[in-house]
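Peer 1: A single structure is presented below for examination.
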Amino acid sequence: MAILRTNSIEKGEMMSSKAKKEWIGGLVLFLLVSFVSITFAGYHTVKAAVEQTYVPLEHGNKTHVNLKKGQPFSLLLIQENHQNTSFVYMTVNKQHESIKMTHLPGSTQLGNETLRTIYHQGNMNAVVKNIEAYAKLPVDYYVKMDQQSVVDAVNKLGGIIVTNKRAFEHSNIVFPKGSIRLNGKEALVFLKERNEQDIFTAHERQLSVAKAIFSQAATIPNVAKLHSLVFTLADHVETNATFNDIKRIQKTYKPAVAHVDKQQFPQNEWNQKQVTTRLYKHLERSELFL
650 MAILRTNSIE KGEMMSSKAK KEWIGGLVLF LLVSFVSITF AGYHTVKAAV
700 EQTYVPLEHG NKTHVNLKKG QPFSLLLIQE NHQNTSFVYM TVNKQHESIK
750 MTHLPGSTQL GNETLRTIYH QGNMNAVVKN IEAYAKLPVD YYVKMDQQSV
800 VDAVNKLGGI IVTNKRAFEH SNIVFPKGSI RLNGKEALVF LKERNEQDIF
850 TAHERQLSVA KAIFSQAATI PNVAKLHSLV FTLADHVETN ATFNDIKRIQ
900 KTYKPAVAHV DKQQFPQNEW NQKQVTTRLY KHLERSELFL
């Protein structure tokens, strides 16, 4: 089978412009819609796009996070990539200037069913309820993103340039180390986890793609084309975070991206207890509400 190689960029070739704002950090693609955004597309356009992504949880939160005061919050990030779905639980603490990212394997047992099984039943309320009840992890916000949005966005931009820290091959595509040019299909493969151990390295690649999309979007002179890009991204995102929530996170929690800790959620109860205790401490709240 033929191997498709991406185009390597010579060191002397530079991008046409730099992004005006590039902090996305551990939130990966969560705030991308709002970043490609008020700066470029206009307040009302991005507000309409973000409101399109809003789907509240029925059961309601047991805690009320005051984002305006910068209180720590938790986020369940779900990313779909064809048949593969990844689950990452994040706690964000502005005062500690840190984010803790915990990968939840789809095989995580929640009562009588696995996380993957519950998710594919199509009820986000059930997903959150079971994670809180059995994994003992409070979920303030969730963000579900279909990575098909990356394909659409990259193709609308005519391709992107990313920096690849480590050469690798995936799905018969070779990604050399250094600056490489990607089309939509290649960008999607670039994002995929090769295995369970690759989950956090994949998130670093997602960050690289997010920054590249944002940088390229900053160069679009056509307002209508930029508006189309914003709504293309929004079409593939679902969250219970409101437009005002996202604005406050963007404004208040920048210090948190200074340090990102990554870990795997263990499968035995004893180690799970140790992990949840550390996460509750990071959230600065008691476990008793569960």
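Going by the numbering used here, the first residue of the sequence shown is number 650, and it counts up by one from there.
Note that CB positions come from ideal geometry on N, CA and C, so glycine has one too.
(1) I810 bridges to which residues according to DSSP?
(2) From this set, S864, Y791, V909, which residue's C-alpha is nearest V777's C-alpha?
(3) Taking the Cβ atom as the reference point for each residue, do K860 and A851 lie within a distance shorter than 8 Å?
(4) To the nearest angstrom, report how far apart N761 and T812 are at their CA atoms.
(5) What does a CB cutoff of less than 7 Å around K834 pick up in its chain, not counting 5 residues either side in sequence?
(6) Apart from the five residues just before and just after G755, which ones in its own chain have a Cβ nearer than 6 Å to its Cβ?
(7) Taking all protein chains shown into account, do 16 or more other C-beta atoms lie within 10 angstroms of the C-beta of N742, making it buried, or fewer, making it exposed?
(8) Determine the extent of the beta strand (DSSP E) in which I822 is found, giving its start and end residues.
(9) Would you call the segment 882–894 and the segment 695–706 touching, i.e. three or more CB-CB distances under 8 Å?
(10) Are S798 and T881 close, meaning C-beta to C-beta below 8 Å?
(11) Could you tell me if D789 is buried or exposed, where buried requires 16 or more neighbouring beta carbons within 10 angstroms of its beta carbon?
(12) Thinking C-alpha only, which one of N774, L806, Y738 is nearest Q912?
(13) Given this structure, state the Cα-to-Cα distance separating Y692 from T734, to the nearest angstrom.
(14) In terms of DSSP beta bridges, what is F736 paired with?
(15) Among W919, D795, E918, I898, which residue has its Cα nearest to the Cα of G719?
(16) Would you mind reading off the limits of the alpha helix (DSSP H) that contains V695?
(17) Excluding sequence positions up to five away, which residues of its chain have a Cβ less than 6 Å from the Cβ of I727?
(18) Measure the Cβ-Cβ separation of V879 and I809 and say whether it is below 8 Å.
Peer 2: Checking against the coordinates, here is how it stands:
(1) Within the DSSP bridge table, the entry for I810 names R830 as partners.
(2) That would be Y791, whose Cα lies nearest to the Cα of V777.
(3) No, the pair does not count as a contact, with Cβ atoms beyond the cut-off.
(4) Spanning the alpha carbons of N761 and T812 requires a straight line of approximately 43 Å.
(5) Cβ within range, chain order: V800.
(6) Residues L764, R765 of the same chain have their beta carbon placed closer than 6 Å to that of G755, with the five preceding and five following residues left out of the count.
(7) Classification for N742: buried.
(8) That run of the beta strand (DSSP E) goes 822–824.
(9) Counting Cβ pairs under 8 Å, three or more are found: they touch.
(10) Yes, Cβ-Cβ distance for S798 and T881 is below 8 Å.
(11) Per the 10 Å Cβ criterion, buried.
(12) The shortest C-alpha to C-alpha distance from Q912 to any of N774, L806, Y738 is the one to Y738.
(13) Straight-line Cα distance between these residues: approximately 32 Å.
(14) Note: F736 sits in a beta bridge opposite I727.
(15) For the residues W919, D795, E918, I898, the minimum Cα distance to G719 belongs to I898.
(16) From DSSP, the alpha helix (DSSP H) with V695 extends over 692–701.
(17) In its chain, beyond the 5 residues on either side, F736, K793 have a beta carbon closer than 6 Å to the beta carbon of I727.
(18) It is not a contact, given that the beta carbons lie outside the stated cut-off.
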